[in-house]
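Each residue of the sequence shown is one higher than the one before, counting from 26 in the numbering used here.
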Amino acid sequence: EEKKIGASKINEAEAEKACEICEELVDAVGEEEIGIITPYVKQRELIKSILTDFGINSEVATVHSYQGREKDVIIYSITATRNLFFPSDRKIFNVALTRARRKFIALGNAESLEGKNLLLSRFLEYAKRRGGLVALHSQF
Numbered sequence: 026e027e028k029k030i031g032a033s034k035i036n037e038a039e040a041e042k043a044c045e046i047c048e049e050l051v052d053a054v055g056e057e058e059i060g061i062i063t064p065y066v067k068q069r070e071l072i073k074s075i076l077t078d079f080g081i082n083s084e085v086a087t088v089h090s091y092q093g094r095e096k097d098v099i100i101y102s103i104t105a106t107r108n109l110f111f112p113s114d115r116k117i118f119n120v121a122l123t124r125a126r127r128k129f130i131a132l133g134n135a136e137s138l139e140g141k142n143l144l145l146s147r148f149l150e151y152a153k154r155r156g157g158l159v160a161l162h163s164q165f
């Protein structure tokens with residue numbers, strides 16, 4: 026279920042999935058080497074709250090505030106749903122993608138992203154060809 030709070034957006038199912046993935050990776054890479062980033066302040070706040078409930082202290086930030094930093098694993102909460110899609114600024118996606126040293130995981134509703142943004146559409150096609158696109162459920 027997507028929600029808009031002022032100019033910011035949240036997707037609760039996407040936030041929960043980002044935190045679940047983070048929890049699964051903590052033992053393998055350590056919480057200090059996992060970063061979760063999103064374009065939206067309210068989504069960042071929601072993810073940070075859920076991670077706190079999980080007892081995980083991985084860094085959660087907006088894409089803009091993450092420039093110049095890297096982690097081994099970046100989980101990118103696009104905060105895209107059937108009715109809302111992320112800002113089309115290439116720089117936002119480029120910053121998100123280039124923050125990961127080893128693994129980049131993008132979460133979002135593929136149906137809402139396809140055809141709305143050329144860069145993301147190409148990224149989705151690339152992920153499909155390489156077997157990296159995983160369908161979850163309709164809550165996104």
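Where a beta carbon is used, it is the ideal one built from N, C-alpha and C, also for glycine.
Where do the N-terminal and C-terminal ends of the beta strand (DSSP E) with residue i fall, by residue?
i	result
residue 84	84 to 87
residue 74	Not the beta strand (DSSP E): residue 74 falls in the alpha helix (DSSP H), residues 66 to 79.
residue 101	96 to 102
residue 132	125 to 132
residue 60	59 to 63
Is the beta carbon of residue i less than 8 Å from the beta carbon of residue j?
i	j	result
residue 99	residue 125	yes
residue 55	residue 84	no
residue 46	residue 130	yes
residue 101	residue 76	no
residue 86	residue 69	yes
Thinking just about the alpha-carbon of each residue, which of the options is nearest to the one in residue i?
i	options	result
residue 58	80, 154, 128	128
residue 116	102, 88, 101	88
residue 137	104, 73, 86, 51	104
residue 118	34, 144, 159, 97	144
residue 92	78, 66, 121	121
residue 66	149, 40, 51, 123	40
residue 94	123, 157, 152, 70	123
residue 79	68, 44, 86, 64	44
residue 51	64, 96, 74, 152	96
residue 181	146, 153, 155, 64	Lying outside 26 to 165, the shown extent of the chain, residue 181 is not represented and no answer is given.
Hey, residue i and residue j are a contact pair by Cβ (cut 8 Å); roughly how many whole angstroms apart?
i	j	result
residue 81	residue 48	6 Å
Between residue i and chain C, is any beta-carbon pair separated by less than 8 Å?
i	result
residue 44	The structure shown contains no chain C; it holds only a single protein chain.
Quick one: give me the first and last residue of the alpha helix (DSSP H) that residue i is part of.
i	result
residue 150	143 to 154
residue 50	37 to 54
residue 122	115 to 122
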